[in-house]
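Heads up: the structure comes next, in structure tokens.
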Ligand SMILES: [Zn+2]
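Numbering (our numbering), first residue to last: 4 to 225.
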């Protein structure tokens, strides 16, 4: 049996099992969506947003591209952000990169002339690598360089999203989080917690230290 035929058969099995375990499941999906989070991740087949976070259909609004890049000049990702914040009113925006990212690795290698679209897409990563060349040169291996640049990339995308007028001017400004996924163990590392950003907003752009934030969180928790 070829691959696509098998996928269609698997779909029938999934739909049947889903309806059996929850008879109202598809009625709920058909009514509309109200995802609480926007996921901006890499297109890499090994990092499927719903599976690695144990989410279900309806839980995540998802945008994926090579190396989880965000650009305010990219109408594709901007339209997703605009709809997620202004219409769906998501509470959290997650940029999730991953270690061993091929798109990030490509930015550290000679530009591939046979992949002009990829080369253009990853050009901001080349600039990011140049800006951090001193730190990247300290890495003990090529893999470590790729992984550190993947982290720096996630943080750069989070800062860019936080700086958009869509996020800054939202009635209920969503928290923007920076995560990175480990292919070797399936664990996600929280590089940039979104709560700090939310506190920053509530404090009227007063910079809140990590110690102050943790103290506030402990107080709120009782
Ligand atoms: Zn990737």
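From the three backbone atoms N, C-alpha and C, an ideal C-beta is built for every residue, glycine too. Here the structure is a predicted model, which means the values were calculated and not measured.
- With 16 or more neighbouring CB atoms inside 10 Å of its own CB, residue 170 falls in the buried class.
- For residue 108, the enclosing alpha helix (DSSP H) covers residues 105-110.
- In the three-state reduction of the DSSP assignment, residue 142 falls in the coil class.
- When only Cα atoms are considered, residue 124 and residue 54 end up about 26 Å apart.
- Residue 63 and residue 52 do touch by the CB rule: their CB atoms are close to 5 Å apart, below 8 Å.
- In the DSSP assignment, the residues bridged to residue 41 are 64, 96.
- Contact between the segment 25-43 and the segment 81-98 is present: three or more C-beta pairs spanning the two stretches fall below 8 Å.
- When DSSP states are grouped into helix, strand and coil, residue 181 belongs to the strand group.
- Residue burial is scored here from C-beta neighbours: residue 120 has fewer than 16 other C-beta atoms within 10 angstroms and is therefore classed as exposed.
- Residue 28 and residue 10 have their C-alpha atoms spaced approximately 21 Å apart.
- Residue burial annotation: residue 15 is exposed, with fewer than 16 other C-beta atoms found within 10 angstroms of its C-beta.
- Taken through DSSP and simplified to helix, strand or coil, residue 152 comes out as helix.
- In this structure residue 79 is exposed. Its beta-carbon is surrounded by fewer than 16 other beta-carbon atoms within 10 angstroms.
- Taking each of 25, 172, 188, 164 in turn and checking the Cα distance to residue 197, the smallest one comes out for 164.
- No heavy atom of ligand 1 is found nearer than 7 Å to the CB of residue 129.
- Around residue 126, the same chain offers no residue with a beta carbon nearer than 7 Å, after the five sequence neighbours per side are excluded.
- Apart from sequence neighbours up to five positions away, the residues of its chain that approach residue 107 with a beta-carbon distance below 7 Å are 70, 128, 149, 152, 153, 156, ordered along the chain.
- Look at residue 186 here: in three-state DSSP terms it is coil, with no helix or strand label.
- Here DSSP, grouped into helix, strand and coil, assigns residue 175 to coil.
- DSSP places residue 101 in the strand class (E or B) of the three-state scheme.
- Distances taken from the Cβ of residue 104 to the heavy atoms of ligand 1 include one shorter than 7 Å.
- Note: residue 191 is bridge-paired with 184 in the DSSP secondary-structure output.
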